[in-house]
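This report refers to the structure that appears directly beneath it.
See below:
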């Protein structure tokens, strides 16, 4: 500790005086199964449970990076699939890496591209080797494999990387779920070898980390097999993939519980692509440490405001004459300063500022929610906090 | 001075300890025909020459009001035509006025709706009474007349209002230009009577002002007649309308010179809807005090950056790998902090942040340009400043 990790950080301001050179995680407090912890990286500490705003193409949509940081985010997410197509990983590397490119000096996590190549590219072919696909932007042909995915993530310079995996949509037949889960395990091994080779060759540093991804649909037995096989490979953290893909909240939470129990307590657990405030609360209750989701920004662009009194559909006519602030209890100035009537007008008029204000408010709401969860765990009152909070935040379009 | 003007300001923070209760203007310095002055209103002082960012539907597109203010804008513009249709003037009045609605506590100028009803509404009929038209939003039928325009502007609560006028596209036949100019003069009288009645009835205060609008195309004789007739009506300020509507830069500047010479030195002069940095410099040289234009924000959304070294077309492929800042000489942090490569990527990807960054940079550039003009006039070196600056800022896509 205290030693600088060398070249890779030289151009980035380091947020902590004493920065780690290696990736680490520790649990600081528990409340039931919920955990308050810290992931330590050379680019800064990530307080967990953590919510990562999604910066798909090197921008959290409609927000300045300063707003994302001030909202309380310690880390954000970038999407390998999008970035490999535009501006391309090679260009980002040439320009000094993703952090410098998008002016975010904290940690960045990247996905492997596996999920989005399935959901976005129109034409694709999955083989043992990887996925051949055509870009949704211009139809150009590309290949993603475990090796190429890791290469891209290292070119981007992300601090936490994901193994390449196959995520299938649910519902699906058990044999298809099993086949995808087993393929993902073989890809986990190849991803790990590729990442280790990058570290050995100087393409990554020991301060960066590669997570394995548990698959297996909503089948407890497949989830157990996936988790155990990944744990045997000894990743520094474990992601839970293949949820929030059509199975519903109840099945997701049930599967999550059956998955988390097979993951080691001393490694961070990341539930990918989730979710609503209710999803986050229920998942933290089961011991999940990290989340990402486009919901705060996407729903903001569509006129929804997450507030401490429920979700406002600001396009609703009843807000047209309402000079109340969006959310007087928010930590975000945009929620306290802007009236519902004004934001209603902006969203109805298709104005940038409407999306800017609601994306900001929602991003701040999610961070404030995580802050409250961390405090409740630290004080061992998570269960009562959760019951009280859930009743408030799930309301639809309150007065 | 020092007395509060009563109800109309009670809910707005007043930016100056000693605020005027009446509208006023004084010329502080001249350099050739160029003037450095101050318009004093109860909501604050407007340093002239002034550029007013356009907040069409109660938002300067893609900017937070704080950014507009910090960029140096003393006043902004709202569009009567847009606001009367959505959210409607009556709703804005019910909610406390345009300043409170859009969180802008400085002065606001509104146009009369005359120009935009011609350019935006599809079906319209001009009579002596006014203009009947159908909304471009939903086809609903509306009427704009001098009386209704002033009523709307008073409901919005704008500090500087415009007479209702007819602005015709150029080129046009002299008889049509003359007919529109004379109709606009009769509408000027009706606008003034309507405004005076509003003041008498408490719908406006003596701190608000109504400007007359000089019309007459590019015909010096028609411009002279229009100006003289308006001056005889003794408006507190004079707008120059009907330019930048297809006549070209040279004809505009020639007409401007022939118009300004008929306007009194002790009243502010506002050139409506203009223009490029070159237009502004040439117009200030002729003695114009106020401008508005959508160019900084619209061109920003379309990928153009105004810089002190010329206009960048950031979509150009040559910027894709250029980590230079957009403009190292800018006062705007977004111009200094963001690389050309990054903004190129954002604009090419259609990301909000690209429009946000370039609208901010351009708005700040225009304000910095006015600041430099004011300083050059104050120090009586406007001509040399203008020659030096024009050579730099008109460059197209410099390296």
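Protein chains in written order, with the numbering used here: chain W, 2 to 400; chain F, 2 to 400.
In this text, a Cβ means the ideal position worked out from N, Cα and C, and glycines have one as well.
Would you tell me roughly how many angstroms separate the C-alpha atoms of residue 313 of chain F and residue 345 of chain F, rounded to the nearest one? Working through the second chain from its first residue, we reach residue 313 of chain F at position 312. Working through the second chain from its first residue, we reach residue 345 of chain F at position 344. Near 10 Å, if we compare the C-alpha coordinates of residue 345 of chain F and residue 313 of chain F.
Mind pulling the chain F residues with CB within less than 7 Å of residue 60 of chain W? Looking up residue 60 of chain W in the first chain gives position 59. In chain order: 347, 352, 354.
Along the segment 283 to 302 of chain W, where does the CB come closer than 9 Å to a CB of chain F? Name the residues. Close to chain F, meaning a Cβ-Cβ distance shorter than 9 Å, are the following residues of the segment 283 to 302 of chain W: 302.
Three-way DSSP call (helix, strand, coil) for residue 75 of chain W in this model: Here residue 75 of chain W refers to the residue found at position 74 when the first chain is read from its first residue. DSSP places residue 75 of chain W in coil when its eight states are reduced to three.
Within its chain, find whatever has a CB closer than 6 Å to the CB of residue 132 of chain F; leave out the 5 residues flanking it on each side and keep chain order. Here the question's residue 132 of chain F lines up with position 131 in the second chain. Answer for residue 132 of chain F: 118, 125, 145, listed in chain order.
Which residue wins for smallest C-alpha separation from residue 163 of chain W, given the options W/272, W/92, W/222? As a working mapping, residue 163 of chain W is identified with position 162 in the first chain. Measuring from the Cα of residue 163 of chain W, the nearest candidate turns out to be W/272.
Out of F/214, F/176, F/170, state which residue places its alpha-carbon closest to the alpha-carbon of residue 190 of chain F. As a first step, residue 190 of chain F must be located in the second chain, where it is residue number 189. Of the candidates F/214, F/176, F/170, F/214 places its Cα closest to the Cα of residue 190 of chain F.
Quick one: complete alpha helix (DSSP H) runs, 4+ long, within the segment 183 to 269 of chain F? Within the segment 183 to 269 of chain F, the complete alpha helix (DSSP H) runs of at least 4 residues are 221 to 234, 250 to 261.
Tell me the rounded alpha-carbon separation between residue 112 of chain F and residue 247 of chain F. Along the second chain, one-based indexing puts residue 112 of chain F at 111. Along the second chain, one-based indexing puts residue 247 of chain F at 246. Taking the straight line joining both Cα atoms gives about 20 Å.
Bounding residues of the alpha helix (DSSP H) (the contiguous stretch that carries residue 155 of chain F): What you label residue 155 of chain F is simply residue 154 of the second chain in a count that begins at 1. Per DSSP, residue 155 of chain F belongs to the alpha helix (DSSP H) from 147 to 157.
Measure the C-alpha to C-alpha separation of residue 279 of chain F and residue 107 of chain W and round it to an integer number of angstroms. The residue labelled residue 279 of chain F in the question sits at position 278 within the second chain. The residue labelled residue 107 of chain W in the question sits at position 106 within the first chain. Straight-line measurement puts the Cα of residue 107 of chain W at about 42 Å from the Cα of residue 279 of chain F.
Beta-carbon within less than 6 Å of residue 16 of chain W's beta-carbon, same chain only, minus the 5 sequence neighbours each way: which residues are those? As a position in the first chain, residue 16 of chain W is number 15, starting the count at 1. Confidence is the limiting factor: at residue 16 of chain W the pLDDT is only 42, short of 50, which leaves the residue's position unreliable and the question unanswerable from this model.
Since residue 380 of chain F is in the alpha helix (DSSP H), which residue starts that stretch and which ends it? The residue given as residue 380 of chain F occupies position 379 in the second chain. Unbroken run through residue 380 of chain F: none, as it is neither H nor E.
In the DSSP output, what is residue 309 of chain F paired with across the bridge? Numbered from 1 along the second chain, position 308 holds the residue referred to as residue 309 of chain F. DSSP lists F/311 as the bridge partner or partners of residue 309 of chain F.
Can you list, in chain order, the residues of the segment 305 to 328 of chain F whose Cβ is nearer than 8 Å to any Cβ on chain W? Within the segment 305 to 328 of chain F, the qualifying residues are 321, 322, 324.
Per-residue DSSP class, three states only, for residue 342 of chain W: Taking the first chain and counting its residues from 1, the one referred to as residue 342 of chain W is at position 341. Here DSSP, grouped into helix, strand and coil, assigns residue 342 of chain W to helix.
Return helix, strand or coil for residue 19 of chain F, following the three-state DSSP convention. Along the second chain, read from residue 1 onward, the residue named residue 19 of chain F stands at position 18. Its pLDDT being 45, under 50, residue 19 of chain F is placed unreliably by the model, and the measurement read from it follows with that caveat. Coil, per DSSP.
Which residues of chain C have a Cβ atom closer than 9 Å to the Cβ of residue 165 of chain F, listed in chain order? Any reference to chain C falls outside this structure, whose protein chains are W and F.
If you drop the 5 nearest sequence neighbours on each side, which residues of the same chain put their C-beta closer than 7 Å to that of residue 170 of chain F? For this step, residue 170 of chain F is matched to residue 169 along the second chain. Spatial neighbours of residue 170 of chain F in its own chain (CB-CB distance under 7 Å, excluding positions within 5 residues in sequence) are listed in chain order as 246, 247.
Would you identify the three-state DSSP class for residue 13 of chain W, choosing helix, strand or coil? By one-based count along the first chain, residue 13 of chain W stands at place 12. Since pLDDT at residue 13 of chain W reaches only 38, below the 50 mark, its modelled position is unreliable, and no value is offered.
Would you mind sorting residue 302 of chain W into buried or exposed? The rule is 16 or more other CB atoms within 10 Å of its CB. Within the first chain, numbered from 1, the residue matching residue 302 of chain W stands at position 301. Answer is buried; the Cβ neighbour count reaches 16.
Curious, which full-length alpha helix (DSSP H) runs of at least 4 residues does the segment 43 to 105 of chain W contain? If we require 4 residues or more, the alpha helix (DSSP H) runs fully inside the segment 43 to 105 of chain W come out as 66 to 71, 81 to 86, 90 to 95, 99 to 103.
Confirm, please, whether the CB-CB distance from residue 378 of chain F to residue 289 of chain F is below 9 Å. Counting from one through the second chain, the residue named residue 289 of chain F turns up at place 288. Counting from one through the second chain, the residue named residue 378 of chain F turns up at place 377. Going by C-beta atoms, residue 289 of chain F is not nearer than 9 Å to residue 378 of chain F.
Excluding the 5 residues preceding and the 5 following residue 82 of chain W in the sequence, name in chain order all residues of the same chain whose CB lies nearer than 6 Å to its CB. Start at 1 with the first residue of the first chain, and residue 82 of chain W comes out as number 81. Excluding residues within five positions, the ones whose Cβ falls inside 6 Å are 114, 117, 118.
To the nearest angstrom, how far is the alpha carbon of residue 328 of chain W from that of residue 393 of chain W? Taking the first chain and counting its residues from 1, the one referred to as residue 328 of chain W is at position 327. Taking the first chain and counting its residues from 1, the one referred to as residue 393 of chain W is at position 392. Each residue's alpha carbon lies about 13 Å from the other.
Classify residue 29 of chain W as buried or exposed, calling it buried when 16 or more other Cβ atoms lie within 10 Å of its own Cβ. Working through the first chain from its first residue, we reach residue 29 of chain W at position 28. Exposed.
Strand pairing of residue 294 of chain W, partner residues [DSSP]: For this step, residue 294 of chain W is matched to residue 293 along the first chain. According to DSSP, residue 294 of chain W shares a beta bridge with W/54.
Within 10 angstroms of the Cβ of residue 364 of chain W, are there 16 or more other Cβ atoms? Answer buried if so, exposed if not. The residue given as residue 364 of chain W occupies position 363 in the first chain. By the neighbour-count rule (16 or more Cβ atoms within 10 Å), residue 364 of chain W is buried.
Short Cβ contact (9 Å threshold) for residue 403 of chain W with residue 182 of chain W: Absent from the structure is residue 403 of chain W, since the part of chain W shown begins at 2 and ends at 400.
Going by Cα to Cα distance, which pick from F/219, F/150, F/295 is closest to residue 259 of chain F? Along the second chain, read from residue 1 onward, the residue named residue 259 of chain F stands at position 258. Minimum Cα distance to residue 259 of chain F is reached at F/219.
Going by beta carbon distance, what residues of the same chain come within less than 6 Å of residue 70 of chain F, once the five residues before and after it are set aside? Taking the second chain and counting its residues from 1, one reaches residue 70 of chain F at position 69. Closer than 6 Å at Cβ, skipping near neighbours: no residue.
Nearest chain F C-beta to residue 65 of chain W closer than 9 Å, yes or no? The residue you call residue 65 of chain W lines up with position 64 of the first chain. So yes, residue 65 of chain W belongs to the interface.
Assuming the contact rule is C-beta atoms closer than 8 Å, residue 78 of chain W and residue 157 of chain W should be a hit. Round their C-beta distance to whole Å, please. In the first chain, counting from the first residue as 1, residue 78 of chain W sits at position 77. In the first chain, counting from the first residue as 1, residue 157 of chain W sits at position 156. A Cβ-Cβ separation of about 11 Å leaves residue 78 of chain W out of contact with residue 157 of chain W under the 8 Å criterion.
Using beta carbons (cut-off 9 Å, strictly below), is residue 212 of chain F in contact with chain W? As a first step, residue 212 of chain F is located in the second chain; it is residue number 211 there, counting from the start. Among the residues facing chain W, residue 212 of chain F is not included, as its CB has no counterpart in that chain under 9 Å away.
Cross-chain neighbours of residue 338 of chain W in chain F, by beta carbon under 8 Å: Position 337 of the first chain, counting from 1, holds the residue named residue 338 of chain W. Chain F residues near residue 338 of chain W: 104.
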